[in-house]
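Residue numbers (this note's numbering): 24 to 361.
Below is one structure, written out as C-alpha cells, with a few remarks after it.
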Amino acid sequence: MSQELHHHTMRAVTYTGAGGREVLSVEDLALPVPGTGEVLIKVTAAGINRADLLQRAGNYPVPEGASEVPGLEVAGTIEETGAGVGNWDFGTPVCALLAGGGYAEYVSVPAGQVVPVPDGVSLTDAAGLPEVAATCWSNLVQQAGVGRGDWVLVHGGTGGIGSFALQLLKALGARPVATAGSAEKVQRSLELGAEAAINHREEDFVARMKEITGGHGADVILDVMGAKYLEKNVAALAQGGRLVVIGLQGGASGTLPIGKVMGKNAVVTGTMLRPRPAEEKAGIMRDVAEHVWPLVTSGAIRTTTDAVFALEDVAAAQDRFEEADRTGKILLVTGETP
Ligand SMILES: NC(=O)c1ccc[n+]([C@@H]2O[C@H](COP(=O)([O-])OP(=O)(O)OC[C@H]3O[C@@H](n4cnc5c(N)ncnc54)[C@H](OP(=O)(O)O)[C@@H]3O)[C@@H](O)[C@H]2O)c1
C-alpha cells in the first residue's frame, strides 16, 4: 500500500449511542493501520449477525481492544501486511473472522483469523461465511463432538447460524432436526438438510424430538434461546447428550434440573466466540479452512444470502435482518450492490 493511503479516511458505520436504527451513522474514519501480526483487508462485503444488533441496543459490550465499528466478518482483498506477516500477497481474495470493525471499507485483523475464500464462492457471499462456519464448527464438532449418526437438534434452523448448522451436520453424516417459527421456515429447514423440522410456535419440541428419534432424544442440541429452553432442552437430551448454549434470546439465567443432567450423564455447556483469544480463533479458522471449505466448494454447503445492501444503507439492512420472513444472511457491500 502506498504511504499516501495512510492519510486517507474510509467510510465506516458507528453507533452514536445505544438504541434503534437512529443510532446508526456512516462516517469518515481514519484507516486502520495493521499492527504486528495483522493484515489490512480492503473490504468487499461484511456479514450482519445478531450480535451486531445486540451491540446496537447496548446489550453486547465490545471486547477490550476491539474496534467500536460493528461487524464480525468480512470478505475482501489483502491491502497491506503488518510486521511478521509474510504469507499473504497484495490483492489475494480472503475472508476473515473479526472481533469487530467489519462494517467499513478497510479492517485490520490478526493474520491467523484470515483464510482464503472457498473456491467457487463470490467475494460478496463469502462475507457471510466466517462467523457462522467458526461458530458451527467450534460448537458442534470441537465442543459437542458430533459424530456420524448423531441426532442433533438445531434451534432456529433458518437463521444465519441454523442454515449453516443444518447443512454442515448433514455433510458430516449426522441427523439434524430443526425448530423454526413458521410453516415456510419448517419447509426451508427441510431443504437445508433437516430430517425433520418442528414449528416451535405450534408444537412441543421435547415430545416431537422423542417421536422423531424413536424415543432416543437429541445426542446434541445447539441452542440459541438460553434460559427459556434450559429445562426443555435437558428433557430433550438423549443419554450422554450434550447441550451447547450459544445464544440467550430467551434470557440469561434459568433453573438447571441437575438431577436429570446426572441421570442422563449429560453435559451442559456454552461458548462465546467473539472474546476468545486470537490464537484460539486462528485455530478454529485453520480447521474451518481445512475441513469446512471443501464442503462449501463441493456444494454440500451453500451460502444463504437473503439480501445485499450498500454500506450507506446499513439501517435498511439491519431492518431487514429483523424482519420475520428473513432466512439466512444479510450482507453489506462497500461498492455497487449486485
Ligand atoms: N456464542 C457465540 O459465539 C455465538 C456466535 C454467533 C451467534 N450466536 C448467537 O446465535 C444466535 C443466532 O445468531 P444468528 O446470527 O444466526 O441470528 P438470526 O439469523 O437472527 O437467528 C436467530 C434464530 O433464532 C430463532 N428463534 C427465535 N426464537 C426462537 C424460539 N422460541 N425457538 C426456537 N428458535 C427461535 C429464529 O428462528 P425463527 O425465526 O424461525 O423463530 C432464528 O432462526 C443469536 O442468539 C446469536 O447471538 C452466538
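Built from N, CA and C at the ideal position, the CB exists for glycine as well.
Between A122 and A89, the C-beta spacing is below 8 Å. Straight across, the Cα-Cα distance linking V138 with K65 is about 14 Å.
Sequence-distant partners of V169 (beyond 5 residues in either direction) whose C-beta falls short of 8 Å from its own C-beta, in its chain, are L163, V175, L192, L195, A197, D242, V243. Beta-bridge analysis with DSSP links S48 to T37. If you ignore the 5 residues before and after Q190, its C-beta comes within less than 6 Å of the C-beta of L215, G216, I324, all in its own chain and listed in chain order.
Secondary structure note for L95: it is in no beta strand (DSSP E), with a DSSP letter that is neither H nor E. When DSSP reads this structure, L260 sits in a beta bridge with A241. Residue environment analysis places K283 among the exposed positions, since fewer than 16 neighbouring C-beta atoms fall within 10 angstroms of its C-beta. For the 8 Å CB-CB criterion, R73 and D51 do not form a contact.
Taking 7 Å as the cut-off, one finds no heavy atom of ligand 1 near enough to the beta carbon of Q341.
Each of D227, A330, D348, E102 was checked against the Cα of A69, and the nearest Cα belongs to A330. Remark: the C-beta of E154 is in contact range of ligand 1, defined as less than 7 Å to any heavy atom. It is roughly 20 Å from the alpha-carbon of V267 to the alpha-carbon of A230. Proximity to E207 across H31, R349, V290, V132 peaks at R349, based on C-alpha coordinates. Assignment of Y129 by DSSP, reduced to helix, strand and coil, places it in the strand class.
If you compare the alpha carbons of D112, A261, P93 with that of H239, the shortest gap goes to A261.
R171 has no beta-bridge partner at all, per DSSP. In this structure, G351 sits away from S145, with a CB-CB distance that is not shorter than 8 Å. In terms of Cα proximity to T202, the closest of M248, G264, Q166 is M248.
Of the candidates T326, V356, T327, the residue whose Cα lies closest to the Cα of A340 is V356. In chain order, E254, V257 place their CB closer than 7 Å to the CB of P280, counting only its own chain and leaving out the 5 sequence neighbours on each side.
Taking 7 Å as the cut-off, the C-beta of R73 counts as close to a heavy atom of ligand 1. Taken atom to atom, the span from the alpha-carbon of L354 to that of P93 is near 13 Å.
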